[in-house]
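K.L.:
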Amino acid sequence: MSADTPVRVEVHPGREAVVEFDPDLTFECVDSCTWCCHHGVMLYDREFFELGEHADLNDATTEFRCEDFVRREEKDHDETAEDGCACHFLRGDGLCELQAENGWKPARCFVYPVSIRTENGEMHVDIRESAWDHCEGMNASDRKIIDHLDAFLPEYLWDVENPDSAREL
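Sequential numbering from 12 applies to the sequence shown in the working numbering.
#1: Any idea what DSSP makes of R119, helix, strand or coil?
#2: What are the partner residues of F38, as DSSP defines its beta bridges?
#3: Please work out which residues of its chain come closer than 6 angstroms, Cβ to Cβ, to F59, disregarding the five sequence neighbours upstream and downstream, and give them in chain order.
#4: If you count every other CB in all the chains shown that lies within 10 Å of the CB of F75, and 16 or more means buried, which is it?
#5: With distances taken from CA atoms, which of N131, D87, V18 and F163 is nearest N173?
#6: Assess, as a yes-or-no matter, whether the segment 121-137 is touched by the segment 81-91 under the definition of 3 or more beta carbon pairs within less than 8 angstroms.
#7: Can you tell me whether S126 is helix, strand or coil according to DSSP?
#8: Closest to R119 by CA distance: which of C107, I157 and F163 is it?
#9: Note the first and the last residue of the continuous alpha helix (DSSP H) segment covering L109.
#10: Could you tell me the alpha carbon to alpha carbon distance between S176 and V136, rounded to whole angstroms?
#11: Between the Cα of Y167 and those of P17, V18 and V22, spot the shortest distance and give me the residue it belongs to.
#12: Which residues does DSSP list as the beta-bridge partners of R83?
#13: Just the Cα atoms here: how many angstroms apart are D35 and W143?
#14: With DSSP as the reference, label E58 as helix, strand or coil.
#15: Tell me, to the nearest whole angstrom, how far the beta carbon of R19 is from that of E27; I am working on the premise that it is less than 8 angstroms.
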């Protein structure tokens with residue numbers, strides 16, 4: 012298997028993805044990195060309602076181009092982007108409040124550093140260009156992404172009308 016040749020991988024029973032990145036690529040979140048949390052997180056419809064079980068949607072979300080996002084806001088701690096802003100749920104200790112306190116997070120948080128696009132009804136996955144520039148977890152472990160795609164791609168993404176990850180707040 013070559014990095015130049017896309018390969019089909021069954022991620023969940025009956026759910027395949029076309030992998031367009033080097034199959035030897037590894038990724039592991041590192042404690043000191045919160046770069047992916049510096050952005051607004053798009054919510055798929057199902058997740059918007061699930062988030063309502065854990066947070067006040069009026070405080071935590073915003074709508075942009077008819078899509079719902081977790082609000083990006085000013086923070087009074089160092090775990091922020093250059094403009095002092097980060098995800099509504101990013102705490103000063105670098106942890107996600109949703110994940111730490113509720114064991115839940117949106118699919119877009121699971122997906123990083125993978126990008127998703129659909130083509131001819133098939134899900135294609137690659138690595139975001141921004142991950143190579145900002146993410147310290149790229150090739151930082153022995154955990155091959157291709158062997159753990161189920162952790163990056165929740166099964167319900169195959170049922171989402173437009174799971175493409177290129178949309179941002």
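Ideal Cβ positions, reconstructed from N, Cα and C, are used throughout, including at glycine.
P.N.:
In this structure, then:
#1: helix
#2: M149
#3: D79
#4: Exposed, by the Cβ-count rule.
#5: N131
#6: no
#7: strand
#8: Ranked by Cα distance from R119, the options C107, I157 and F163 are led by F163.
#9: E108 to N113
#10: Distance between the alpha carbons of S176 and V136: 10 angstroms.
#11: Nearest to Y167 by C-alpha distance, out of P17, V18 and V22, is V22.
#12: C98
#13: 15 angstroms
#14: helix
#15: 5 angstroms
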